[in-house]
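Heads up, the thing below is written out as structure tokens.
Number of protein chains: 2
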Amino acid sequence: MSASKESYAARIQRKVMKKQYLVDVAMGRRKADLVLKNATYVNVFSNELCQGDIAVAKGQIVGMGNYDGEQEIDVSGKIVCPGFIDAHIHLESSLAAPKEFARAVVPHGTTTVITDPHEITNVMGTDGIDYMLQATEGLPIDVRFMLPSCVPATPLDEAGANLDYRAIDSFYDHGRVQGLAEMMNFPGVMGGDKEVLEKIIAAQAHHKKIDGHAPGIEGKDLAAYVAVGVYSDHECSDTEDAMRKIRNGQFIMVRDGTAARNLEGLVDLLKQPYYDRCMFCTDDKHPSDLLEKGHIDYIIKKAIGYGVDPIVAVKVASHNTARYFALNNRGAIAPGYLADFAIIDNFENFNVEMVFKKGIMTCKNGEVQPFEAPVIEGYLDERAHDTFHVAHLSAKDFHDERPRGVIGLVAGEIISTDNGYATEIDLEKDILKIAVIERHKNTGHIGLGYIQGYGLKTGAVATSISHDSHNIIVVGTNEEDMAFAVNRIVENRGGITVVDGGKVLGDVVLEIAGLMTDDDLVTINDKLENAKEQAFELGVARGIDPFMTLSFMSLPVIPTLRLTTRGVIDVIKQQYV
Amino acid sequence: MSASKESYAARIQRKVMKKQYLVDVAMGRRKADLVLKNATYVNVFSNELCQGDIAVAKGQIVGMGNYDGEQEIDVSGKIVCPGFIDAHIHLESSLAAPKEFARAVVPHGTTTVITDPHEITNVMGTDGIDYMLQATEGLPIDVRFMLPSCVPATPLDEAGANLDYRAIDSFYDHGRVQGLAEMMNFPGVMGGDKEVLEKIIAAQAHHKKIDGHAPGIEGKDLAAYVAVGVYSDHECSDTEDAMRKIRNGQFIMVRDGTAARNLEGLVDLLKQPYYDRCMFCTDDKHPSDLLEKGHIDYIIKKAIGYGVDPIVAVKVASHNTARYFALNNRGAIAPGYLADFAIIDNFENFNVEMVFKKGIMTCKNGEVQPFEAPVIEGYLDERAHDTFHVAHLSAKDFHDERPRGVIGLVAGEIISTDNGYATEIDLEKDILKIAVIERHKNTGHIGLGYIQGYGLKTGAVATSISHDSHNIIVVGTNEEDMAFAVNRIVENRGGITVVDGGKVLGDVVLEIAGLMTDDDLVTINDKLENAKEQAFELGVARGIDPFMTLSFMSLPVIPTLRLTTRGVIDVIKQQYV
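Residue numbers (my numbering), protein chains in the order written: chain A, 53 to 629; chain B, 53 to 629.
Next comes the structure, spelled out in structure tokens:
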């Protein structure tokens with residue numbers, strides 16, 4: 053019987069039966085479904101390690117003490133932690149479909165992630181949210197959503213969609229939607245922008261949380277930002293910034309992911325009484341980073357290494373996040389809480405040995421238990437695999453005789469410099485041609501410019517991951533290869549490609565919205581590393597990431613020069629050059 | 053225009069206008085409605101005193117820093133605290149109508165109370181909840197409700213109503229209802245009682261909190277009680293009991309009221325990292341206690357006296373409670389929070405000098421600003437003033453020749469002893485007659501028994517406050533005065549009376565459900581003190597409270613002997629004697 057056909061009274065009676073079962077197990081009148089025998093566990097309420105059997109029934113913890121179970125697992129000598137929670141991530145950053153992301157993070161003790169499907173929504177609009185909701189149903193991690201607040205990220209972007217508050221409103225009724233994701237348009241808040249405020253008010257009308265994104269704001273700017281209802285920030289890189297926000301009532305998501313690593317700068321917060329205002333998040337995690345370092349477990353381990361009390365580190369990674377998001381039945385080991393566990397060897401090594409989600413073992417010694425892939429409805433699946441609407445291009449589409457701005461790369465940074473003008477490719481001076489091709493609506497818009505410092509000596513490199521609108525971005529030493537690379541990506545329905553002389557040297561196919569693939573993470577990483585190596589062999593400077601660097605070249609909020617589908621823009625002056 | 057006629061879109065647009073106003077004030081583009089200049093204020097997030105002007109617009113704090121306002125109040129040298137919150141009280145215990153209760157607690161910095169209208173609901177059923185909701189609308193304190201979970205308190209009681217989950221269900225939709233009040237039927241939980249579990253499940257279905265009441269339970273009993281979803285307890289009197297509950301995930305309401313004073317026994321909790329799991333509550337506050345000692349301010353002051361960090365004490369009294377009840381816009385001084393302030397001289401004296409509710413001054417130097425009394429609809433008002441349905445009684449209604457149990461009083465305690473049997477009043481042995489008269493439904497039920505240790509030498513004492521069913525209870529030296537006293541209470545539509553030889557010596561009229569009056573608290577207290585003095589002069593032992601002692605005589609959950617409308621009962625054996 054479908055739940056929606058159930059009357060309120062029938063629902064209450066059904067739950068009475070369940071509760072009576074839980075009471076019987078808690079009282080010891082009936083065996084538990086599962087008992088973790090002789091557990092040493094992290095008690096996030098009393099801030100201590102406690103001892104006892106942990107009894108589980110129907111996916112919930114029902115008691116700690118002496119219990120018998122249908123299944124009993126002796127966990128003597130290990131430490132049972134509440135499952136770990138990532139407070140803010142864009143799942144798309146892993147390049148893996150959610151089921152493969154789950155397979156990659158479960159061994160690290162992750163049981164819940166809060167994702168903002170910002171990337172796919174910029175491509176597919178609200179279909180992107182629906183796609184991700186369906187693609188995360190029933191996974192061995194619980195994926196919760198914050199609705200993208202800024203699609204497109206700026207009015208300068210040509211994204212696949214343009215969403216106002218009405219477009220996302222009905223998603224708040226979905227059981228796995230927790231609120232409105234990072235409101236990065238903080239100047240809009242300060243200016244009293246109507247569309248921005250509408251989105252915030254609608255989230256509040258649904259009693260949902262609103263995450264922030266506002267590096268370094270302070271004083272009256274910060275007051276206005278918090279006063280309208282932005283509850284958190286994940287952009288702090290030093291304690292001064294974080295303390296200003298804490299004093300104003302915001303929660304701090306201490307971010308340590310692939311692109312930004314702020315734990316070291318913020319670790320002192322976790323040694324103060326206000327650590328209860330902190331959570332951990334990654335924001336983005338690229339394949340190699342996930343495979344080599346881990347996930348939230350890696351942040352906890354690092355924090356302990358910096359001298360943070362291990363109990364506090366675990367609490368920040370579980371309980372604090374759950375409480376912030378009002379996920380009140382997780383993030384602790386106590387009766388009534390979900391039986392989500394990360395069982396580690398000890399605080400020093402912090403090796404995750406077993407993982408449980410709602411009382412089901414999902415991983416043992418790194419081996420993920422098999423699970424069924426979610427079923428995505430036909431329309432959405434087709435839609436996700438058909439997001440490139442670009443006519444076949446030829447070299448002349450990239451030909452241009454007018455002077456264009458030269459974007460100067462800075463090794464190891466995502467900011468760029470203004471390197472003046474150029475009228476043609478000049479390999480001697482490392483001046484290459486760069487283009488952004490609108491790919492959502494077949495508008496034919498192509499923005500052209502030049503880039504200096506990338507190092508490519510022959511061929512072209514292109515990617516369909518280009519923040520935040522995910523048009524196709526290509527850099528080349530000649531226009532033929534640029535056209536060839538872009539056509540190749542369109543044929544592949546998305547991804548990354550490295551070409552030379554009309555030959556494909558390396559490819560990462562990202563057939564889901566041009567952002568993700570169904571491949572497993574190891575395969576993705578192998579392909580990515582191969583493509584990267586090919587790019588280096590074509591001359592790309594080894595100090596820079598050939599693809600990530602390009603991915604940020606079209607984001608017109610990072611100084612100094614960027615390239616959009618309309619041309620090179622001076623971000624500071626907000627003017628095309 | 054009524055809010056219910058407003059479309060969702062119109063509501064969003066109206067709120068956009070309001071938010072733009074708030075942003076303008078926060079940004080300093082427009083003067084604040086009110087500025088507390090040069091404030092030193094308690095920052096509950098960073099656990100410190102901060103400095104700055106506090107700007108208020110439309111009842112909310114919008115920023116701290118340098119601000120100008122239409123109204124400016126210099127608060128140099130004082131300390132601004134978030135308004136105080138009582139986490140659990142039965143407002144009826146003050147004997148005052150809610151408006152007079154408010155007038156009494158506002159000078160103590162109280163801005164929010166969470167009430168359980170358990171007493172009036174036992175008399176009036178759900179009309180009692182409606183009455184209290186209406187009687188608290190628009191007061192200078194925000195009164196929030198937990199719905200009574202146990203009406204009647206036990207199946208042995210003859211109350212004015214018998215409420216299952218369906219009866220209270222629609223009240224969860226009211227904007228000021230926060231959850232289900234103290235689930236005192238903890239044996240029912242452990243036994244898997246269907247009616248008890250239904251009430252808990254219904255509260256959860258509405259995403260509401262469930263408060264507990266379970267002194268001393270531990271082990272599997274506690275596990276079962278917490279596993280079903282009981283989030284808090286206010287019955288702890290020592291840290292061992294409290295720590296067991298904290299470890300199991302419950303929040304602790306540290307109670308310090310009139311009948312139970314647990315702060316001293318629990319104060320160590322407030323010196324530990326888990327003080328964030330604690331709140332303050334009073335449970336009940338009698339008139340003299342409110343007038344002489346104060347309210348939550350008195351508990352804070354006492355806690356500081358016991359060595360608790362003043363910042364922590366204030367936080368426990370405001371922020372922790374607000375967060376527990378998901379009243380997320382109060383309990384802190386930060387942008388977006390309600391402008392609810394208690395401004396004190398200093399932490400040592402802790403004199404509340406000014407109080408603000410939503411940016412409006414409600415009290416200055418003890419003087420409460422005038423406010424309009426709430427309007428209660430005719431039907432409910434009449435219903436509240438007509439709750440006695442008892443035929444006129446005469447001495448023969450109290451006459452009885454069979455032996456009846458003798459309830460032995462213990463000075464200073466609410467427990468009683470089993471003093472055997474008696475067949476008649478014996479003033480030499482201080483054996484008096486006691487009776488409980490069913491008064492809700494004119495059933496004619498009168499329970500008779502004897503009481504020893506009360507001390508009355510002549511006349512009779514009666515009250516309509518008798519927990520939890522609030523039938524009339526009377527003690528007398530002769531049957532004529534007993535009948536006279538009961539008839540007097542019925543004529544008065546409720547209250548307390550002291551009579552002798554057919555003359556009324558002292559009266560407290562409680563015309564609202566037999567529990568409260570519209571008089572102000574000073575008047576109530578004067579009348580109560582006079583009646584008490586009269587009772588002492590008639591011989592009542594000065595070591596006991598003549599009325600409160602009687603009020604607990606008919607509560608058949610406190611050992612050893614009690615009297616119900618059906619006779620004397622042995623509470624331990626749960627048998628009539």
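Positions of the beta carbon are idealized from the N, C-alpha and C atoms, including for glycine.
In the DSSP assignment, residue 138 (chain A) falls within the unbroken beta strand (DSSP E) covering 136-141. DSSP places residue 558 (chain B) in the uninterrupted beta strand (DSSP E) bounded by 555-561. Setting aside the 5 residues that flank it on each side, residue 398 (chain A) is surrounded in the same chain by 131, each with a C-beta closer than 7 Å to its C-beta; the list follows chain order. At a Cβ-Cβ threshold of 7 Å, residue 450 (chain A) and residue 474 (chain A) do not count as neighbours. Taking residue 464 (chain B) as the centre and dropping the five residues before and after it, the same chain places the C-beta of 595 closer than 7 Å to its C-beta, in chain order. Contact note: residue 326 (chain B) reaches chain A through 97, 98, 99, using a C-beta cutoff of 9 Å and chain order.
With distances taken between CA atoms, residue 249 (chain B) lies nearest to B:237 out of B:145, B:237, B:259. Note on the segment 279-318 of chain B: whole beta strand (DSSP E) runs with a minimum of 3 residues are 303-307, in chain order. Scanning its chain for C-beta atoms nearer than 6 Å, with the 5 sequence neighbours on each side dropped, one finds around residue 109 (chain A) the residues 74, 77, 84, 85, in chain order.
Boundaries of the alpha helix (DSSP H) around residue 431 (chain A): 430-436. For residue 398 (chain A), no pairing in a beta bridge is given by DSSP. Under the Cβ criterion of 7 Å, residue 67 (chain A) is counted among the residues facing chain B. In the three-state DSSP reduction, residue 261 (chain A) falls in the strand class (E or B). For residue 424 (chain A) and residue 410 (chain B), the gap between their C-alpha atoms comes out near 53 Å.
Out of A:100, A:91, A:87, A:71, the CA that lies nearest to the CA of residue 361 (chain A) is found in A:100. In the DSSP assignment, residue 552 (chain A) falls within the unbroken beta strand (DSSP E) covering 547-552. Residue state for residue 609 (chain A) is assigned as coil, using DSSP reduced to three classes. Within its own chain, the residues whose Cβ lies closer than 7 Å to the Cβ of residue 269 (chain B), once the five positions on either side in sequence are excluded, are 238, 277, listed in chain order. Under the Cβ criterion of 7 Å, residue 305 (chain B) is not counted among the residues facing chain A. Counting along the chain, the unbroken beta strand (DSSP E) around residue 515 (chain B) starts and ends at 512-515. DSSP places residue 186 (chain B) inside the alpha helix (DSSP H), whose first and last residues are 178-187.
In the three-state scheme derived from DSSP, where H, G and I count as helix and E and B as strand, residue 476 (chain B) is classed as coil. A contact is defined here as three or more CB-CB pairs under 8 Å, and the segment 142-153 of chain B meets this definition with respect to the segment 569-580 of chain B. If you draw a 10 Å sphere on the C-beta of residue 69 (chain B), you find fewer than 16 other C-beta atoms in it, and that means exposed. Judged by their CB atoms, residue 308 (chain B) and residue 351 (chain B) are nearer to each other than the 7 Å cut-off. Assignment of residue 484 (chain B) by DSSP, reduced to helix, strand and coil, places it in the strand class.
When C-beta atoms of the segment 173-182 of chain A are compared with those of the segment 212-232 of chain A, three or more pairs fall below 8 Å, so the two segments count as touching.
Across the set A:374, A:359, A:340, the C-alpha of A:374 shows the shortest separation from the C-alpha of residue 328 (chain A).
Membership of residue 625 (chain A) in any alpha helix (DSSP H) is not indicated, and neither H nor E is assigned to it by DSSP. Beyond the five residues adjoining it in sequence on each side, residue 452 (chain A) comes within less than 6 Å, by CB distance, of 500 in the same chain, given in chain order.
In the structure shown, residue 244 (chain B) falls within a coil segment according to DSSP collapsed to helix, strand and coil.
Selection B:87, B:539, B:113, B:260 evaluated against residue 122 (chain B) yields B:87 as nearest (Cα-Cα). Interface with chain A (7 Å Cβ-Cβ cutoff): residue 114 (chain B) is included. Sequence-ordered contacts of the segment 455-470 of chain B with chain A are nonexistent [C-beta pairs closer than 7 Å]. Using a Cβ-Cβ cut-off of 7 Å, residue 294 (chain A) does not count as an interface residue toward chain B, since no Cβ of chain B sits closer than that to its own. If one requires a minimum length of 4 residues, the alpha helix (DSSP H) runs lying completely within the segment 348-406 of chain A are 348-357, 362-368, 371-376, in chain order.
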